[in-house]
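To start, the structure itself, in structure tokens.
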Amino acid sequence: MALQLIKYFFIIISLLYPVHTLESYLSNTYQKDIIKESFLDSAQLIKRYKYPVETHHVITTDGYILGVHRIVNSGKPPVLLMHGLLDSSATWILTRPEAALGYYLYDKGYDVWMGNARGNRYSRNHTFLNPNTDLSYWRFSWHEIGLYDLSAMIDYVLAKTNFKKLTYFGHSQGTTAFWVLCSLKPEYNNKISFMHALGPVAFTANMRTSLLGIAQTFTRISKNKIYELLPHNYYLFNLCFTSKMMETACLEIAHQILGRDEQNINYTFFPIILGHIPAGCNLKQLDHYLQLIESKRFCRYDYGFERNLKYYGQPTPPDYPLQNVTVPVGLYYTYNDELSSEVDVKNLAAHLPNVVEDSLYPYKKWNHVTMLWGTNARKLAHKRMLELTKEFIKSNKLIRGKQAND
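Structure representation (structure tokens):
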């Protein structure tokens, strides 16, 4: 029923605002190159700026086929970048070579690999399950993304590049999945030279987005009715760019979710952002986060008393053993982040045994995505991340095919 209502809503909007209205508003408001990049995929964006690009497909042990985009710098130290909820590999390159972290790392001599979590537009595939017809495809949260997707991508990148370790950059859910992997499969700590956690999320008791109540209500009434959440299409794009009024409303929703930062984010890129985000996810991923808010823990998915006994051998889901995450970690967070509260990140830092960089940025306007998309992010955040990357690669004395202390 809920899914039908959403479909009817977009049908009504499309009748009220015909295509020529959308095209007229866009062309009168934004430059042609901005509009064009809104309709390119990640590989096409990279190619547009004359960077060498490859698309790889990684198969997990449970059969999911993941799309991975590479800005090819063969022989250079590999870095793996992992996006947040409803996002994709595009998030690392949206703001073009002059500002985007993905291009910056390539320009500074790194082989850049950008992953995509199961269920998003680039990883909506499986060896035998059909995401359109098989509900079994959608039985995952970010737990499985960490346990299966990240492990598969890390192993794939290291095998392809012939390096023993890589540097990891995660944003939001990309950090959550990493904590899952290295806490439950601690052998993966030995495959990472450094972990950069941008807008890190584990404990969520102090998450303060004003749309939280709506998300909780929607999840409660939609559970077991909707599985795929906001798949990539241009419904939202078409809705937001029919008029100035609609665009302003969409921007306000984004501010309510992420935090308001009109000073440091170039919103002339807003069509590009909405052309790539949302990229789709599973409703269970959102539900898992909402459970953490209520429990004030960082733990596995709560299936209820009986199924918890079946899956975990105990009535409540077990905590993730964060003491097992021994890789050197950098935490980067802000005061104006609606999704990654500084209080919750401090709690996370207290549980991690090897935090070597704890950066609570003093810039009051920075929000959940400023360190990704901000006009000043390169100068104020990315350069320090690069310094740490170099330092820890050097300390590990990484060279192709072996590690110096092997």
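Under mature numbering (1 follows the signal peptide of the UniProt record, and there is no 0), the letters of the sequence shown match residues -21 to -1, 1 to 385, in that order. In this text, a Cβ means the ideal position worked out from N, Cα and C, and glycines have one as well.
CA-to-CA distance, residue j to residue i, given in whole angstroms
{"i": "residue 394", "j": "Tyr82", "result": "Residue 394 cannot be examined here, being either before or after the span of the chain that is shown, -21 to 385."}
{"i": "Val(-3)", "j": "Lys204", "result": "Any reading at Val(-3) must be qualified, since the residue scores a pLDDT of 47, below 50, and its modelled position is unreliable; the value itself is stated next. So the alpha carbons of these two residues sit roughly 31 angstroms apart."}
{"i": "Ile44", "j": "Pro110", "result": "11 angstroms"}
{"i": "Ser320", "j": "Leu237", "result": "11 angstroms"}
{"i": "Phe220", "j": "Tyr299", "result": "42 angstroms"}
{"i": "Phe251", "j": "Glu226", "result": "According to the sequence provided, residue 251 is Ile. The question's Phe does not apply to it. Their backbone Cα atoms lie some 13 angstroms apart in a straight line."}
{"i": "Tyr(-14)", "j": "Tyr214", "result": "Note on Tyr(-14): pLDDT 45, under 50, position unreliable in the model; the coordinate value appears next. Roughly 12 angstroms separates the two Cα atoms."}
{"i": "Thr368", "j": "Gln152", "result": "21 angstroms"}
{"i": "Glu241", "j": "Phe248", "result": "12 angstroms"}
{"i": "Ser21", "j": "Lys223", "result": "27 angstroms"}
{"i": "Arg100", "j": "Asn333", "result": "34 angstroms"}
{"i": "Val304", "j": "Asn7", "result": "51 angstroms"}
{"i": "Ala181", "j": "Ser274", "result": "12 angstroms"}
{"i": "Leu271", "j": "Ser3", "result": "44 angstroms"}
{"i": "Thr196", "j": "Lys202", "result": "10 angstroms"}
{"i": "Glu366", "j": "Ala360", "result": "10 angstroms"}
{"i": "Ile256", "j": "Ser374", "result": "37 angstroms"}
{"i": "Trp121", "j": "Leu64", "result": "9 angstroms"}
{"i": "Leu351", "j": "Tyr311", "result": "11 angstroms"}
{"i": "Ile232", "j": "Leu190", "result": "8 angstroms"}
{"i": "Leu253", "j": "Ser17", "result": "7 angstroms"}
{"i": "Lys144", "j": "Tyr135", "result": "12 angstroms"}
{"i": "Leu163", "j": "Lys289", "result": "19 angstroms"}
{"i": "Leu331", "j": "Gln302", "result": "6 angstroms"}
{"i": "Thr183", "j": "Met364", "result": "25 angstroms"}
{"i": "Asp337", "j": "Gly309", "result": "6 angstroms"}
{"i": "Asn168", "j": "Leu327", "result": "17 angstroms"}
{"i": "Asn217", "j": "Val335", "result": "44 angstroms"}
{"i": "Tyr30", "j": "Leu126", "result": "31 angstroms"}
{"i": "Leu(-7)", "j": "Gly88", "result": "Residue placement at Leu(-7) cannot be trusted, given a pLDDT of 48 that sits under 50; the coordinates are not used to answer."}
{"i": "Val123", "j": "Ala228", "result": "Note that residue 123 corresponds to Glu in the displayed sequence, not to Val. Rounded to the nearest angstrom, the two C-alpha atoms are 34 angstroms apart."}
Which residues DSSP lists as bridging residue i, in chain order
{"i": "His175", "result": "Phe148, Gly309"}
{"i": "Cys260", "result": "Leu208"}
{"i": "Pro57", "result": "Asp90"}
{"i": "Asp298", "result": "Cys278"}
{"i": "Leu45", "result": "Val37"}
{"i": "Glu336", "result": "Gly309"}
{"i": "His105", "result": "Tyr43"}
{"i": "Val32", "result": "Ile50"}
{"i": "Ile133", "result": "In the DSSP output, where bridge partners are listed per residue, Ile133 has none listed."}
{"i": "Gly353", "result": "Ile244"}
Residue i, buried or exposed, once every other Cβ within 10 Å from all chains shown has been counted against 16
{"i": "Arg97", "result": "buried"}
{"i": "Glu166", "result": "exposed"}
{"i": "Arg279", "result": "buried"}
{"i": "Tyr85", "result": "buried"}
{"i": "Lys170", "result": "buried"}
{"i": "Ser53", "result": "exposed"}
{"i": "Thr155", "result": "buried"}
{"i": "Asn261", "result": "buried"}
{"i": "Pro296", "result": "buried"}
{"i": "Thr140", "result": "buried"}
{"i": "Ala383", "result": "Residue placement at Ala383 cannot be trusted, given a pLDDT of 33 that sits under 50; what the coordinates show is reported in the next sentence. When all chains shown are included, Ala383 counts as exposed."}
{"i": "Gly149", "result": "buried"}
{"i": "Val306", "result": "buried"}
{"i": "Asn346", "result": "buried"}
{"i": "Ala78", "result": "buried"}
{"i": "Phe371", "result": "buried"}
{"i": "Arg357", "result": "buried"}
{"i": "Gln(-18)", "result": "Since pLDDT at Gln(-18) reaches only 46, below the 50 mark, its modelled position is unreliable, and the value read off the structure follows with that caveat. Its Cβ having fewer than 16 others within 10 Å, Gln(-18) is exposed."}
{"i": "Ala(-20)", "result": "Residue confidence is low: Ala(-20) scores 42 on pLDDT, short of 50, so the model does not pin down where it sits. No coordinate-derived value is stated."}
{"i": "Phe107", "result": "exposed"}
CA nearest to the CA of residue i, picked from the options
{"i": "Arg49", "options": "Tyr342, Lys344, His36", "result": "His36"}
{"i": "His234", "options": "Thr295, Arg118, Arg187, Ser68", "result": "Arg187"}
{"i": "Val32", "options": "Asp41, Thr39, Gly46", "result": "Gly46"}
{"i": "residue 400", "options": "Trp121, Val180, Asn245", "result": "This structure does not reach residue 400, given that the chain is present from -21 up to 385, and the question cannot be answered."}
{"i": "Lys26", "options": "Leu137, Ile72, Leu65", "result": "Ile72"}
{"i": "Arg103", "options": "Tyr291, Ile38, Gln23, Ser338", "result": "Ile38"}
{"i": "Ser67", "options": "Thr349, Leu327, Gly259, Gly292", "result": "Gly259"}
{"i": "Asp323", "options": "Pro294, Ile13, Gly178", "result": "Gly178"}
{"i": "Gly42", "options": "Gly292, Ala356, His105, Asn212", "result": "His105"}
{"i": "Asn243", "options": "Ser172, Glu123, Val348, Thr40", "result": "Val348"}
{"i": "Ala138", "options": "Phe284, Arg286, Pro56, Val159", "result": "Pro56"}
{"i": "Thr354", "options": "Arg199, Leu80, Gln23, Arg286", "result": "Leu80"}
{"i": "Thr212", "options": "Asp12, Leu19, Leu5", "result": "Looking at the sequence shown, residue 212 is not Thr but Asn. The candidate whose alpha carbon is nearest that of Asn212 is Leu19."}
{"i": "Ala194", "options": "Gly283, Leu269, Cys161", "result": "Leu269"}
Taking one C-beta from the region 257 to 266 and one from the region 196 to 213 each time, how about it: are there three or more such pairs within less than 8 angstroms?
-> yes
Would you check if the region 55 to 67 and the region 84 to 103 touch, i.e. whether three or more CB-CB distances between them fall below 8 angstroms?
-> yes
Could you say if the region 106 to 120 and the region 130 to 140 meet the contact criterion of at least three C-beta pairs nearer than 8 angstroms?
-> no
Decide if the region 337 to 345 is in contact with the region 311 to 325; the criterion is three or more beta carbon pairs, one per stretch, under 8 angstroms apart.
-> yes
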